[in-house]
Amino acid sequence: MSEREIVAFRGSGDLASGAALRLWRSGYRLLLTELPHPLCIRRTVAFANAVYEGTMKVEEATSVLISDPKQAPEQWQKGNIPLLVDPDLSKTLTLKPDVLVDARLIKKDRGDTNRSLAPLVIGLGPGFTAGENVHAVIETSRGHNLGRVFWQGSALPDTGLPGLVGGEGIKRVQKSPADGVFEAKVAIGDMVKEGDLLAVVGGNEMRSPIEGVVRGVIYPGTRVTTGLKVMDVDPRGVCEHCFTVSDKASALGGAILEAILAWNARGSAPQPR
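Quick note on the numbering used here: the sequence shown kicks off at 4 and runs consecutively.
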């Protein structure tokens, strides 16, 4: 496998996008896939936003929405990252990717990713078991093992709790209070104080429980359900963080690179010592 081979990403939210950016910078040809209506909230650093806008720039890389995998080589030649709406990978697999990264952060095994999909299949976070449904698993939980590559076993199970950022966990992540159409009252990059109006869903107001900068907002007009994550307020209050890839996403990208290079060097999964 050469550095110019194809790496497909299943999912293109902020963590997938930040990871993909590191591979793009390293010379890989990427193909991203998404849902017809992406639910990512950190849209300023998510290539998934190309589904809504046609193109999306994250730092210095641009993703372009395509409708047919045959259009991918043209975008690669231009230095872009093609993105397909292809939840079941039926279009993507016609390009025979050398690596498939399942970056949907599924939490639990959905039974739709397996090692037969590509010569090397990598899963991010819980829901995958190395040696069973994927070749390698990468830890996504913040802490000592973030970004560690596992060739046997699984990542830590999902706790259901958001990781701490600036000392805040549950309070920084805003979930929809009702079913309905999401109406944002603030934009990504806005500074808010405790009690400020953030959004309205089905007539229900969402007010910020903390002070900080609005880091994530689901696409306005999206029909949401009760409990769906729709916003993120970062208590660190650094506006620039809203428009650049996070440390966590970069760590995951480095781990994917490690997994690919280790696999290439040995032609198989590295054996434990």
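Heads up, the beta-carbon is just placed ideally off N, CA and C, and yes, glycines get one too.
Query, Result
"Less than 8 Å between the CB atoms is what I'm expecting for residue 21 and residue 48, so what's the real figure, rounded?", "7 Å"
"Quick check on DSSP: helix, strand or coil for residue 54?", "helix"
"Name the residue from 262, 253, 274, 182 whose alpha carbon lies nearest to the alpha carbon of residue 229.", "182"
"Beta-carbon separation of residue 190 and residue 18 under 7 Å?", "no"
"Please list, in chain order, all residues of the same chain as residue 6 whose beta carbon is under 6 Å from its beta carbon, the five residues on each side excluded.", "Unreliable placement is indicated for residue 6, whose pLDDT of 44 sits below 50; the coordinate value is still reported in the next sentence. Cβ within range, chain order: 30."
"With a CB to CB cut of under 6 Å and the five nearest residues on each side skipped, what residues in its chain are close to residue 16?", "43, 49, 51"
"Output the boundary residues of the alpha helix (DSSP H) element that contains residue 251.", "250–269"
"Please report how far the alpha carbon of residue 65 lies from the alpha carbon of residue 102, in whole angstroms.", "21 Å"
"Give the secondary structure of residue 12 by DSSP, where H, G and I count as helix, E and B as strand, and everything else as coil.", "strand"
"Write down every uninterrupted run of the beta strand (DSSP E) in the region 166–250 whose length is 3 residues or greater and which is fully enclosed by it, in chain order.", "176–178, 183–187, 200–204, 207–210, 215–220, 232–237"
"To the nearest angstrom, how far is the alpha carbon of residue 231 from that of residue 180?", "8 Å"
"To the nearest angstrom, how far is it from the Cα of residue 75 to the Cα of residue 11?", "11 Å"
"Thinking C-alpha only, which one of 8, 184, 269 is nearest residue 208?", "184"
"For the alpha helix (DSSP H) that residue 23 lies in, which residues bound it at each end?", "17–28"
"Any idea if residue 262 is buried or exposed, counting beta-carbon neighbours within 10 angstroms, 16 or more meaning buried?", "buried"
"Along the beta strand (DSSP E) that carries residue 37, what are the first and last residues, could you check?", "32–37"
"What residues match up with residue 60 in a beta bridge as DSSP calls it?", "65"
"Using the C-alpha atoms, what's the distance from residue 104 back to residue 54?", "19 Å"
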